[in-house]
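If you're matching positions, the sequence shown starts at 0 in numbering that gives the first Met the number 0 and goes up one per residue.
We put the beta carbon where it would ideally sit given N, CA and C, even for glycine.
A short write-up of the structure that comes next.
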Amino acid sequence: MLNITTIKRQNVGKVVNYYTDSADDYYAKDGSAMQWHGQGAQALGLSGTVEQRRFAELLDGRIDEHTQLRRTTPSEARKERLGYDLTFSAPKGVSLQALVHGDEKIIAAHDKAVAAAIREAEMLAAARSTVNGKTSIERTGKLVVATFRHETSREVDPDLHTHAFVLNMTQRQNGEWRALVNDGIVHSLSHLGNVYKAELAKELEREGFTLRYNRHGTFDLAHFTEHQIHEFSGRRNQIDAKLAEWGLDRQTATAEQRDRAAMQTRERKSEIDRDEVRAAWQARAKELGVDFHSREWAGVGNDGPRNDGFGNDSKEARNRVPPIEKPLQYHADQTVRFAIKRLTERQAIVTGEELLAVALKHGYGRLSVTDIRAAIGRAKDGGHLIKEDTLYRSLNPARKNGKRAKAEAAPEGPALTREQWIAELMTGNRTREQAKAIVDSGITKGRLQDTGSRYTTHIAQRRERDILALERSRRGKVEPRITAQQIDAYLATRTRTAEREGLNVEQARAVARIADTTSPFMAVPGFAGVGKSYMVKSAKQLLEDYGYRVSALAPYGSQKKALEDVGIEARTLQSFLKAKNKKLDDNTVVFIDEAGVIPARQMLETMKVIEATGARAVFLGDTAQTKAIEAGKPFEQLLDAGMQSTEIRIIQRQKDPALLKAVELAAAGKAADSLAHVTHVRELKDSSERYSAIVQAYAALTPAQRAETLVITGTNHSRKEINDGIQQALGFRGTGMEYTLLDRLDTTQAERRHSKYYEKGAIIIPERDYRSGLRRGEQYTVLDTGPGNRLSVRGPDGAVLKFSPAQITQLSVYKPERTELAVGDQIKMTRNDKDLDLANGDRFTVKEIREKAIIAEGNGRRITLDAEHAMYAALAYASTVHSAQGLTSDKVLINLETRSLTTAKDVYYVAVSRARYVAEIFTDDAKRLPAAVSREADKTAALEISQLQRHAEKAHAHHGPDYTAPRTTGKERSGPDIAIGG
């Protein structure tokens, strides 16, 4: 609904003509289609209708007859930016109701929403100046914006949209006009689009329209059918067709790819007769059966009980009695609480930007950005949120050819609080008052830039404190029953010597510490491929020799099976926590594998059970590999807090010396250095060419080699493309049958409580029986997602059920995909199945295909999958990194896309460490690759905020109330000579 185009120096008359083309639009005759906006426009005495001559003068930088704004040097004139076109587009149904039916209230709502977004953008307006080598960024709060409302797309479909032309100028406090620093606006496009949509939805619902919301944060008028919308969306369909040619859709394509598709399908605008066009629209609407007077939900869910859309499916709602309307503040507070739950389910610390975005989208139809900001403030004041002290980074001029550049600047150095910056500058003879004046001047003038707010919750912090306190309180409380002499005697028979294979020195030390520890919680952290499984098997034998019972837990089913393969009784962590009989006592030692991917919630539950039963736990894991999907990194916190541990660092998996060095460096966090030792790196900028190269590399291998080769990629889209390509290259395409396979949709528990976060055609699986008629393990197809907070689903018997997901707390959600499977295809399971003893991630080869069944073999097993229903399976040639963690093969083919957030330090380490002999990397940009694989994975702990504040409190106590020690690390350190004042 919002995109931006930079308009550079060209024929000014041509620019003016393009934007003022709306003067003849049907609803532009009252002059409202072209309007001035912004405090900057007011400062120039501009209001009301945009006058073309004045617009042309400002495009040319002519402020008045005495002032000419120069944005560039003469040599850079052709690159000069005249301004920025922010294009706000209404949903298609809104355009139809406004332009075809002629509902001018909707046009007014659209204009009001655009104005709200412009006011929000104005808060980001800034100007830069550099004096004596010191760069300042001044927040001006003034924009000069000319809006031009248009009514047709290039395909002459009804398309209500407004070009908000932000002129490249702003006025400083001293009255001077300067070029606009556009960074804030460019980086806030998503937010500005959300502000527009929130205001538009609020106005539409106020006018009595019912809106249909979807899980991607968009909406439309609910009385239009999908077919009616599609038939009036010629331009959108062109872009979708182009994306489909590239194997993409609007969800999988990047913003850059969507823009490229739009440009490649763009036709020149032609002269049209507005009255004739409107008459043609109305005729087409009549043919399609559009009822512009309806306010009813068009779909399966348009009958039955309703609620208010916020999960309040009350008795009154079920009896069709309108519920008592709660105050706006209540809805805003509930919306912010939803945003907190949704975000903190995955991250212990969330940014203010994320919180505002999620809450704003969830509150569409009721709330504005002002309402949400007020509710966030109340959540902070009421204790639901803990806000980190504001951090600032120094803005220093960039260097060019060894000299400081006057025009450009970028934040650098550590992020410190105001008090920490004061402490940083209190050097030599500089007093606190002098340092304070420099820092405050730096903040005022923008040389110290706010890094943005961060929040956590008391619940998250309490959980992490409980984990650390529980481990610390039990240290030294265990009496070992195996003596040092007994341990030595055992290890003497198991330690590696010149004559026999066995435990290396680090593995042997780990076995000894497991046997003689005096704490119920300890850890054996180790790099990937160090032989932890062999160590565990040896420790198990020693423990059992002296009467202990040994079992194991693992986060995922595939890891559980790997433990069982080495002879250890194992359960998944989830099944262990659900089980009534935990099978633990003070004679049990539990090995907990892949502890690095256990979230804080499960870690605390698990540790409480172990402590209550008197059992002992040994955590196994690697803090450098990928972390838990849920919030927290407790394994890393426990190690940092001093939990007893003995590390294994000698990597044994890699047999090639160069690859071993690459993995050792990656394990140590030196990803960029590691790349230099990967001997096979290929650059292919075009994604389809790169996927094709990976496919050909895999297909060229012998069957035996393919069996020992993994293909790893970052995104689900690339995984599917590569899987399809390999199936084609191996000659299986066209030889099999199409089946419906289920791929789990990534949703949070908070989202699953609201119908708008589901989508038609999705499959939901109840994890237990419900009174609404849902049965555990059955597949239900989503037919409709409203009105209100209600789902309509079809069950396996064909019956339609309607219910509020607010009362159904245990649901899994899958996306069905029609996929061809043939004899010889490699597949993997995508869900645990206790009856068939299948774990998520188990791999098989298809041996037989039938209309109602698939026979597959793998790991010495033969299984039959029921094909009468959608199956929990997927092609398994390519895997994402999370799926590949724990696997090992001779060769790995790795797709690393430098601009994808899925490429990061932990992802690279996991991928490259899967190979024994060869790791071959395929990338879109070899030069950018070192920086991409050095990107830190953004996994936070809630106590990071309190630790910062506690550090400050200690410094206050030591140095007095006016001092805070600086927050710096060994990686980034800024000296006191940073020029932030003046």
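Query, Result
"Can you round the beta-carbon distance between R927 and T897 to whole angstroms, since I take them to be within the 8 Å contact cut?", "4 Å"
"Span of the alpha helix (DSSP H) holding S982?", "The chain is shown from 0 up to 981; residue 982 falls before or after that span and cannot be answered."
"Give the DSSP-derived three-state secondary structure of W176 in the structure shown.", "strand"
"Within its chain, find whatever has a CB closer than 7 Å to the CB of Q651; leave out the 5 residues flanking it on each side and keep chain order.", "G528, V529 and G530"
"Closest to G30 by CA distance: which of A107, S878 and G132 is it?", "A107"
"Would you give the residue range spanned by the beta strand (DSSP E) that N894 belongs to?", "S888 to L895"
"Once you ignore the five residues that flank E103 on each side, which residues in its own chain have a CB closer than 8 Å to its CB?", "Y26 and A97"
"I'd like the ranges of any beta strand (DSSP E) spanning at least 3 consecutive residues and lying wholly in the region 383-468.", "390-399, 402-416, 447-449 and 453-455"
"In angstroms, rounded to a whole number, what distance separates the CA positions of P975 and T430?", "Confidence in P975 is poor, its pLDDT being 36 and thus under 50, which makes the residue's placement unreliable; the coordinate value appears in the next sentence. Near 13 Å, if we compare the C-alpha coordinates of T430 and P975."
"Taking 8 Å as the CB-CB limit, is L390 close to chain C?", "The question asks about chain C, but that chain is absent: this structure has only one protein chain."
"Report yes or no: do the region 203-214 and the region 271-289 share at least 3 C-beta pairs separated by less than 8 Å?", "no"
"At the level of alpha carbons, what is the spacing between Y756 and T829?", "22 Å"
"Roughly how many whole angstroms lie between the Cα atoms of I944 and K632?", "14 Å"
"E275: buried (16+ other C-beta within 10 angstroms of its C-beta) or exposed?", "exposed"
"For a minimum of 3 consecutive residues, which ranges assigned as the beta strand (DSSP E) are wholly contained in the region 654-721?", "679-682 and 708-712"
"Can you tell me whether DSSP reads A527 as helix, strand or coil?", "coil"
"Count the other CB atoms, across all protein chains shown, that sit within 10 Å of the CB of H361; report buried if there are 16 or more and exposed otherwise.", "buried"
"Just the C-alpha distance for R61 and P598, rounded to the nearest angstrom, thanks.", "59 Å"
"Report the rounded CA-to-CA distance for A696 versus A910, giving the unit in angstroms.", "17 Å"
"Out of R817, D832, A873 and K851, which one is the CA nearest neighbour of F843?", "A873"
"Tell me, to the nearest whole angstrom, how far the beta carbon of D585 is from that of G613; I am working on the premise that it is less than 8 Å.", "3 Å"
"Buried or exposed: where does E198 fall if 16 or more other Cβ atoms within 10 Å of its Cβ makes it buried?", "buried"
"If we ignore side chains and look at the alpha-carbon of each, how far apart do D439 and A422 end up?", "13 Å"
"Using a Cβ-Cβ cutoff of less than 7 Å, which residues in the same chain neighbour D515 once the five nearest sequence positions on both sides are dropped?", "P479, I481, A483 and I486"
"Can you tell which of L886, L729, V932 and R474 has the C-alpha that lies nearest to the C-alpha of E593?", "L886"
"Give the list of continuous alpha helix (DSSP H) stretches no shorter than 4 residues that lie fully inside the region 74-145.", "91-94 and 103-121"
"Grab the span of the alpha helix (DSSP H) containing N2 for me, first residue to last.", "That residue, N2, is in no alpha helix (DSSP H); its beta strand (DSSP E) goes L1 to K7."
"Pick helix, strand or coil for V49, following the three-state DSSP scheme.", "coil"
"Are S452 and T350 closer than 8 Å when you measure CB to CB?", "yes"
"With a CB to CB cut of under 8 Å and the five nearest residues on each side skipped, what residues in its chain are close to K7?", "R77, K78, E79, R80 and L81"
"Between A538, K833 and G47, which has its C-alpha nearest Y489's C-alpha?", "A538"
"Count the other CB atoms within 10 Å of the CB of Q506; is the residue buried (16 or more) or exposed (fewer)?", "buried"
"In the DSSP output, what is V155 paired with across the bridge?", "V155 is not bridged to any residue."
"Using the beta-carbon count (16 or more within 10 Å), is V130 buried or exposed?", "exposed"
"In angstroms with no decimal places, state the Cα-to-Cα distance between R499 and T492.", "10 Å"
"Am I right that P765 and R751 are in contact with their C-beta atoms under 8 Å? What's the rounded C-beta distance?", "With a Cβ gap of about 11 Å, P765 and R751 do not count as contacting."
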